[in-house]
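Q: The structure under discussion is supplied below as structure tokens; questions concerning it will follow.
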Amino acid sequence: MREFGFLLLAVGVVWLLIAFNMDTYVFTGYGERVNNIGLIASKQNHLLISSVISICAILMIIFGKSSSKATNVYVKCPFCAEEINPEAIKCKHCGSDVSVQLKVQKENKFSFYGFDHNLLLSEDDSPSLNDSEVMELANKIKSISKSNRDSYIFGEHQSNITYIKYKLPKAVQDEFVKRLKYWLAK
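The UniProt record's numbering applies: residue 1 is where the sequence shown begins, and numbers increase by one.
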């Protein structure tokens, strides 16, 4: 909103300068200049409109919020699902004590960086997937994902999934992606 206010202020100031420089005189046949009431009224209208625009722009700059702030600085309350500050002790909407719940959620959050890809392989001699571990991985990915749609979830974490895929033996890489997509869709 503030950015729009700066743009509007520039337009208002330029219009104000143009309005101040408007000529309100007309030439008569004898080489004299006289005031024209119509041009004076037009100058007053332009001055009034440009000053109102400039004042509104100044108010927008003063009272407007900057849109450059991050939009994802809030988390959902575990009790009422309203957005609250991550450091909140009590939810401002439902009044519940959320500090303990938010701390537990933060500690239980899944991370790809600490994931052991060997869990996805079964104990057999030949390389094969452990489907229950793939299902568990899919559930963990769903828990940290911002989206609810399976194709969006896969796309959101595709670089990390590809990293895990290439850590697996070549024989099970394609099967891993198929099974993961299957469990993400469930």
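Here a beta-carbon is modelled for each residue, glycine too, at the ideal position from N, C-alpha and C. No experiment lies behind these values; they were computed from the predicted model shown.
1. Assuming Val-26 is part of the beta strand (DSSP E), what are its boundary residues?
2. Indicate the three-state DSSP secondary structure (helix, strand or coil) for Ile-89 in the structure shown.
3. Using a Cβ-Cβ cut-off of 8 Å (strictly less than) and excluding sequence neighbours within five positions of Cys-80, which residues of its own chain qualify?
4. Since Ile-84 sits in a beta bridge, which residues does DSSP pair it with?
5. Mark Phe-143 as exposed unless 16 or more other C-beta atoms lie within 10 angstroms of its C-beta, in which case mark it buried.
6. Given a cut-off of 8 Å, decide if Leu-184 and Ala-138 are closer than it, judged by their beta-carbon atoms.
7. Is it true that the CB of Leu-17 sits closer than 8 Å to the CB of Ala-57?
8. Does the Cβ-Cβ distance between Val-172 and Ser-132 come in under 8 Å?
9. According to DSSP, which residues form a beta bridge with Pro-35?
10. In or out: Arg-179 buried (at least 16 other Cβ within 10 Å) or exposed?
11. Would DSSP call Asp-116 helix, strand or coil?
12. Tell me whether Val-26 is buried or exposed, calling it buried when 16 or more other Cβ atoms sit within 10 Å of its Cβ.
13. Confirm, please, whether the CB-CB distance from His-117 to Ile-164 is below 8 Å.
14. By Cβ distance, which residues of its chain are closer than 6 Å to Pro-86, with the 5 residues on each side in sequence left out?
15. Rank Ser-126, His-157, Ser-42, Phe-6 by C-alpha distance to the C-alpha of Ile-53 and give the top, closest one.
16. Between the alpha carbons of Cys-77 and Glu-3, how many angstroms are there, rounded?
17. Compare the C-alpha of Ala-10 against each of Ser-151, Ser-50, Glu-123 and name the closest.
A: Result, derived from the coordinates:
1. Reading the sequence shown from its first residue, position 26 is the one you call residue 26. It spans 25 to 27 - the beta strand (DSSP E) in which Val-26 sits, taken as one unbroken run.
2. As a first step, residue 89 must be located in the sequence shown, where it is residue number 89. Three-state DSSP puts Ile-89 in coil, outside helix and strand.
3. Your numbering for residue 80 matches position 80 in the sequence shown. Once the five neighbours on either side are set aside, the close Cβ partners of Cys-80 are Cys-91, His-93, Cys-94, Ser-96.
4. Taking the first residue of the sequence shown as position 1, residue 84 is located at position 84. In DSSP, Ile-84 forms a bridge with Val-75.
5. Along the sequence shown, one-based indexing puts residue 143 at 143. The residue you asked about is not Phe; residue 143 is Ser in the sequence shown. Exposed is the call here.
6. As a working note, residue 138 is residue 138 in the sequence shown. As a working note, residue 184 is residue 184 in the sequence shown. For Ala-138 and Leu-184, yes; Cβs fall inside 8 Å.
7. Position 57 of the sequence shown, counted from the start, is the residue given in the question as residue 57. Position 17 of the sequence shown, counted from the start, is the residue given in the question as residue 17. No, Cβ-Cβ distance for Ala-57 and Leu-17 is not below 8 Å.
8. Position 172 of the sequence shown, counted from the first residue, corresponds to residue 172. Position 132 of the sequence shown, counted from the first residue, corresponds to residue 132. For Val-172 and Ser-132, no; Cβs fall outside 8 Å.
9. The residue you call residue 35 lines up with position 35 of the sequence shown. Before going further, note that residue 35 is Asn rather than Pro in the sequence given. DSSP output for Asn-35 lists Tyr-25 as bridge partner(s).
10. Position 179 of the sequence shown, counted from the start, is the residue given in the question as residue 179. So Arg-179 counts as buried.
11. Here the question's residue 116 lines up with position 116 in the sequence shown. If DSSP states are grouped into helix, strand and coil, Asp-116 belongs with coil.
12. Residue numbering aside, residue 26 sits at position 26 when the sequence shown is read from its first letter. Burial call: exposed.
13. By 1-based counting over the sequence shown, the position of residue 164 is 164. By 1-based counting over the sequence shown, the position of residue 117 is 117. Yes, the Cβ-Cβ distance between Ile-164 and His-117 is below 8 Å.
14. Here residue 86 corresponds to residue number 86 of the sequence shown, with the count starting at 1. So the list reads Val-75, once near-sequence residues are dropped.
15. Stepping through the sequence shown from its first residue, residue 53 is reached at position 53. The residue with the shortest Cα to Cα distance from Ile-53 is Phe-6.
16. Residue numbering aside, residue 77 sits at position 77 when the sequence shown is read from its first letter. Residue numbering aside, residue 3 sits at position 3 when the sequence shown is read from its first letter. C-alpha separation (whole angstroms): 32 Å.
17. Residue 10 sits at position 10 when you count from the first residue of the sequence shown. The residue with the shortest Cα to Cα distance from Ala-10 is Ser-50.
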